[in-house]
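Input: a single structure, listed below in structure tokens.
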Amino acid sequence: MYANAAISLRQPSAIRQLNSEQLKMLRAFIQKRVMNPDDADDILQGTFVEALRNEHKFQHASKPQTWLCGIALNLIRNHFRRLYNQPYQEAWEDQWHLENEHTDDVGQQVDGHRQLARVVSAISDLPNNMQKVIEVSLAMDGSYQDTASSLGVPIGTVRSRLSRAREQLKRQIDPFA
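In terms of my numbering, the sequence shown opens at residue 1237 and continues consecutively.
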């Protein structure tokens, strides 16, 4: 046992011996799932911090980059959980001023705000799993694959939940359509 410990102290771990191509692959893995470059850099850095902190747990059952991708995926999920638990930052007044610059029809603006309020209310009535798929899908610019990867569910689940959510929203917002 002591001989193995002495050997491991002399030899750098596989995690510390990653080459630049493997690092680029990990960066691309993260950037594909997190569009904001600053957030992707933070997650990449966090991945290495967690890997070094838990280096002793790496059992060589997989490649080091696979283990790092698993750590990165957990950090990405945590990132999106934190992100979607924060309230939306834009104020209604800001949106009103932007809309007001483009049209002088107050009636159209009032109708637009009423429609938006109905949609927001209808979305809040959806089951949590449908709400989450809508939120992540919007953040991923509508990409089913990226949404599925971010949520850790199959792509068919994303398609199904979005389809059911659309139908439910249509019925709630315009029951006569």
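For each residue, glycine too, the CB sits at the ideal point set by N, CA and C.
For G1378, the three-state DSSP class (helix, strand or coil):
Translated into the one-based positions of the sequence shown, residue 1378 becomes position 142. In the structure shown, G1378 sits in coil (DSSP, three-state: anything other than H, G, I, E or B).
Give the straight-line distance between the Cα atoms of L1405 and T1393, rounded to the nearest whole angstrom.
Residue numbering aside, residue 1405 sits at position 169 when the sequence shown is read from its first letter. Residue numbering aside, residue 1393 sits at position 157 when the sequence shown is read from its first letter. Answer to the nearest angstrom: the Cα atoms are 18 Å apart.
So, helix, strand or coil for K1406, using DSSP?
Position 170 of the sequence shown, counted from the first residue, corresponds to residue 1406. If DSSP states are grouped into helix, strand and coil, K1406 belongs with the helices.
Sort D1274, R1263, M1271 and F1316 by Cα distance to Q1301 and report the nearest one.
Position 65 of the sequence shown, counting from 1, holds the residue named residue 1301. Here the closest residue by C-alpha is R1263.
Should M1271 go down as buried or exposed, given a rule of 16 or more other Cβ atoms within 10 Å for buried?
Locating residue 1271 in the sequence shown gives position 35, counting from the first residue. That one is exposed.
C-alpha gap between R1402 and L1288, whole angstroms
Working through the sequence shown from its first residue, we reach residue 1402 at position 166. Working through the sequence shown from its first residue, we reach residue 1288 at position 52. Going from the Cα of R1402 to the Cα of L1288 covers about 44 Å.
Among D1377, K1299, A1276 and R1400, which residue has its Cα nearest to the Cα of L1254?
As a first step, residue 1254 must be located in the sequence shown, where it is residue number 18. It is K1299.
In whole angstroms, what is the alpha-carbon distance linking I1359 and K1260?
One-based indexing of the sequence shown puts residue 1359 at position 123. One-based indexing of the sequence shown puts residue 1260 at position 24. Cα to Cα, I1359 sits roughly 39 Å from K1260.
Here's the rule I'm using: 16 or more other beta-carbon atoms within 10 Å means buried, otherwise exposed. How should K1293 be labelled?
Residue numbering aside, residue 1293 sits at position 57 when the sequence shown is read from its first letter. So K1293 counts as exposed.
Give me, in chain order, the residues of the same chain whose beta-carbon lies closer than 7 Å to that of R1400; leave out the 5 immediate sequence neighbours on both sides.
Reading the sequence shown from its first residue, position 164 is the one you call residue 1400. Cβ neighbours of R1400 beyond the five flanking positions: M1366.
Check this for me: beta carbons of R1354 and I1307, under 7 Å apart or not?
For the purposes of this step, residue 1354 is identified with residue 118 of the sequence shown, where counting begins at 1. For the purposes of this step, residue 1307 is identified with residue 71 of the sequence shown, where counting begins at 1. For R1354 and I1307, no; Cβs fall outside 7 Å.
Need the endpoints of the alpha helix (DSSP H) that H1349 sits in, please.
Within the sequence shown, residue 1349 is the residue found at index 113, counting from 1. V1342 to D1361 is the extent of the alpha helix (DSSP H) around H1349.
Beta carbon of R1269 nearer than 7 Å to that of S1386
The residue given as residue 1269 occupies position 33 in the sequence shown. The residue given as residue 1386 occupies position 150 in the sequence shown. In contact: R1269 and S1386 (Cβ atoms closer than 7 Å).
Out of curiosity, what's the CA-to-CA distance linking V1346 and L1280?
Translated into the one-based positions of the sequence shown, residue 1346 becomes position 110. Translated into the one-based positions of the sequence shown, residue 1280 becomes position 44. Going by the C-alpha atoms only, they are around 45 Å apart.
Distance check for R1395 and V1389, CA to CA, integer angstroms please.
In the sequence shown, counting from the first residue as 1, residue 1389 sits at position 153. In the sequence shown, counting from the first residue as 1, residue 1395 sits at position 159. Taking the straight line from one Cα to the other gives about 11 Å.
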